[in-house]
């Protein structure tokens with residue numbers, strides 16, 4: 080990779096969420112960010128018609144990135160154009176900000192800063208600060224992970240969307256659980272109300288199921304006719320969904 084190509088790659092990285100250059104040699108460019116802990120490596124194409132080969136070291140991020148871009152599993156992701164590279168880097172950064180444990184790291188920094196500025200006089204004030212900051216970060220992570228759209232409908236109007244925990248904030252044992260992007264969904268307000276009150280839940284294939292009180296007529300009024308299903312599910316969602324189903328007393 081010549082100096083011009085290295086400059087082009089680092090500029091694309093800077094513009095799309097990878098502002099830290101870890102390494103830039105004739106063989107590869109390695110990029111990182113202050114907003115998450117992931118790294119990407121961009122190397123010259125290997126004669127398959129691709130201009131670059133992109134590798135993501137984090138297995139979960141690589142899997143989610145391939146799902147997002149509709150790419151098959153493999154060792155590296157081939158990129159042929161600058162536009163393709165920009166899209167891949169943008170999607171990788173978006174997901175890297177959302178996946179564990181990037182939200183937890185942001186939470187720790189934000190809480191430390193606010194507590195330093197506020198100097199709380201009681202543990203209750205400190206608890207409320209942590210809860211408010213944590214819920215804001217959880218919502219940001221869900222917005223990143225679900226591409227700004229409802230996990231069920233795809234509706235992408237932020238004002239209509241709620242960050243909904245599967246395992247409730249108060250029931251989580253650690254901040255890592257509370258902030259885990261797989262512990263919940265980004266839902267339109269009416270679906271969030273049902274999910275939050277355990278009047279609906281989801282099976283392990285993402286199909287929505289409802290309490291008997293939410294009959295077909297009510298679902299019709301709510302615009303939830305036919306099959307209601309999550310747009311996708313990762314294996315990491317399943318543990319939290321199992322917890323949520325246990326709280327549905329009608330099951």
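In this note's numbering, the protein residues as written are 80 to 330.
Backbone N, C-alpha and C fix where the C-beta goes; we use that ideal spot for every residue, glycine too.
On a predicted model such as this, the values are computed, not experimentally measured, just so you know.
Quick one, which of the options has its alpha-carbon nearest residue i's?
{"i": "residue 140", "options": "261, 80 and 219", "result": "261"}
{"i": "residue 106", "options": "201, 92, 131 and 80", "result": "80"}
{"i": "residue 128", "options": "157, 143 and 111", "result": "157"}
{"i": "residue 148", "options": "137, 138 and 168", "result": "168"}
{"i": "residue 287", "options": "155, 296, 303 and 82", "result": "303"}
{"i": "residue 299", "options": "270, 115 and 325", "result": "270"}
{"i": "residue 164", "options": "177, 152 and 144", "result": "144"}
{"i": "residue 146", "options": "326, 268 and 225", "result": "225"}
{"i": "residue 112", "options": "222, 96 and 126", "result": "96"}
{"i": "residue 222", "options": "170, 327 and 123", "result": "170"}
{"i": "residue 317", "options": "296, 280 and 328", "result": "280"}
{"i": "residue 178", "options": "152, 297, 114 and 159", "result": "114"}
{"i": "residue 131", "options": "159, 191 and 142", "result": "159"}
{"i": "residue 315", "options": "126, 104 and 142", "result": "142"}
{"i": "residue 103", "options": "86, 94 and 93", "result": "86"}
{"i": "residue 98", "options": "150, 155, 172 and 83", "result": "172"}
{"i": "residue 94", "options": "201, 153, 166 and 84", "result": "166"}
{"i": "residue 125", "options": "301, 202 and 155", "result": "155"}
Starting from the C-beta of residue i, find all residues in its chain whose C-beta is less than 6 Å away, skip the five residues before and the five after it, and write them out in chain order.
{"i": "residue 331", "result": "The chain is shown only over 80 to 330; residue 331 falls outside these bounds and no answer can be derived."}
{"i": "residue 117", "result": "137, 140 and 175"}
{"i": "residue 120", "result": "107, 109 and 134"}
{"i": "residue 327", "result": "277 and 280"}
{"i": "residue 301", "result": "269"}
{"i": "residue 237", "result": "none"}
Name the one or two DSSP bridge partners that residue i has.
{"i": "residue 147", "result": "BP columns for residue 147 are empty, so no partner."}
{"i": "residue 132", "result": "122 and 157"}
{"i": "residue 96", "result": "Looking at the DSSP assignment, residue 96 forms no beta bridge with any residue, so it has no partner."}
{"i": "residue 103", "result": "108"}
{"i": "residue 308", "result": "286"}
Can you list, in chain order, the residues of its chain whose CB lies under 8 Å from that of residue i, leaving out five sequence neighbours each side?
{"i": "residue 216", "result": "182, 185, 186, 189 and 258"}
{"i": "residue 199", "result": "205 and 208"}
{"i": "residue 248", "result": "210, 213, 214 and 257"}
{"i": "residue 197", "result": "204 and 208"}
Contact check, residue i vs residue j under 8 Å by CB: the rounded distance?
{"i": "residue 275", "j": "residue 320", "result": "Incorrect: roughly 14 Å between the Cβ atoms, too far for contact."}
{"i": "residue 293", "j": "residue 266", "result": "15 Å between Cβ atoms; not a contact."}
{"i": "residue 91", "j": "residue 161", "result": "7 Å"}
{"i": "residue 89", "j": "residue 100", "result": "5 Å"}
What does a CB cutoff of less than 7 Å around residue i pick up in its chain, not counting 5 residues either side in sequence?
{"i": "residue 245", "result": "262, 263, 319, 320, 322 and 323"}
{"i": "residue 233", "result": "310"}
{"i": "residue 193", "result": "208 and 212"}
{"i": "residue 219", "result": "none"}
{"i": "residue 180", "result": "255"}
{"i": "residue 329", "result": "290 and 291"}
{"i": "residue 251", "result": "257"}
{"i": "residue 268", "result": "239 and 241"}
{"i": "residue 235", "result": "227 and 228"}
{"i": "residue 150", "result": "156"}
{"i": "residue 243", "result": "263, 264, 266, 271, 274 and 275"}
- In chain order, each alpha helix (DSSP H) run of at least 4 residues that lies wholly inside the segment 227-282: 254-258 and 268-275
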